[in-house]
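Everything on this sheet refers to the single structure shown next.
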Amino acid sequence: MRIVLLGAPGSGKGTQAKLLIEKLGIPHISTGDLLRSAIANETELGLKAKEVMDRGDLVSDEIVLGMLKDRVQEEDANKGFILDGFPRNLTQANMLEELLVELNMTLDYAVLIEVDVEEVVERISKRAEVEGRSDDTEEVVRNRLCVYEEQTAPVAGFYKEQGVLTQILGTGSIEDVQQRILSVLRF
Ligand code: B4P
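Shown next, in the form of structure tokens:
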């Protein structure tokens with residue numbers, strides 16, 4: 046099964062994906078995690094990405110696609126994967142479509158997790174206290190939300206046209222949201 050998780054920063058994509066891997070037995074591929082690991086390892090790519098991420102902007106499509114292309118071809122992704130944080134704009138959505146055709150794969154679900162802005166800001170402020178991520182300050186989060194509205198929200202329309210979009214209410218407990226997602230997946 047191949048799933049794309051969509052939603053604003055802080056909507057719970059990463060949180061839900063980590064729970065889904067246990068149920069579905071497929072890997073969680075987060076472009077945010079791949080980028081943060083490149084930063085931690087101080088690779089050339091990581092150094093380029095850090096400045097962009099610290100502003101809350103999107104890293105270049107080519108860099109992210111390059112990382113993703115390698116990751117989806119690893120053995121553990123043979124039976125499927127949960128993509129979290131990609132595609133982030135319509136260019137990336139088209140890139141993913143071309144990549145899947147090239148690899149003879151199809152996408153089964155695009156799950157959009159919907160949470161309102163103020164809740165998202167509150168959740169990320171809490172995370173900032175615990176994890177201290179440099180892009181979790183209120184000012185950067187507000188920019189990430191603008192980038193989301195302008196560039197990422199239209200991706201839901203792209204998948205709606207393809208007939209694979211499912212919208213899920215992302216408020217309530219983490220377990221409630223998980224149950225809502227599981228109730229729409231056929232596995
Ligand atoms: P991401 O790593 O994708 O970060 P995110 O949008 O904040 O989502 P995340 O998965 O971490 O948080 P979640 O909603 O699960 O991106 C970071 C940056 O990387 C981007 O700004 C960009 O610069 C770059 N990037 C990544 N992908 C890219 C791409 N494809 N192209 C270009 N650039 C890219 O959770 C947030 C918090 O909410 C957590 O603390 C969690 O505990 C809490 N939470 C979750 N569910 C909850 C619930 N039901 N109730 C209460 N709290 C909840």
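Reading the sequence shown from the start, the letters are residues 46 to 232 in our numbering. No residue lacks a Cβ here, since even glycine has one placed at the ideal position from N, Cα and C. Predicted model only: the values in this text are computed from it and were never measured.
Nearest-angstrom Cα separation, counted from residue 196 out to residue 228: Distance between the alpha carbons of residue 228 and residue 196: 29 Å.
Boundaries of the beta strand (DSSP E) in which residue 212 is found, first to last residue: Counting along the chain, the beta strand (DSSP E) containing residue 212 begins and ends at 210-214.
Coarse secondary structure for residue 160, derived from DSSP in three states: Coil, per DSSP.
Residue 218 in three-state terms, based on DSSP: If DSSP states are grouped into helix, strand and coil, residue 218 belongs with coil.
Same chain, Cβ closer than 7 Å to residue 83, neighbours up to 5 away in sequence not counted: The residues are 90, 91 and 94.
Paired residues, beta bridge with residue 49 - DSSP: Note: residue 49 sits in a beta bridge opposite 128 and 155.
Where the alpha helix (DSSP H) containing residue 82 begins and where it ends: Here the alpha helix (DSSP H) through residue 82 covers 76-85.
Buried/exposed call for residue 69, threshold 16 Cβ in 10 Å: So residue 69 ends up on the buried side.
Residue 171 Cβ short of 7 Å to ligand 1 heavy atom set: Yes, ligand 1 has a heavy atom inside 7 Å of this Cβ.
Contact set for residue 122: own chain, Cβ-Cβ below 6 Å, skip 5 residues either direction: For residue 122, where only same-chain residues beyond five positions count, the Cβ hits under 6 Å are 72.
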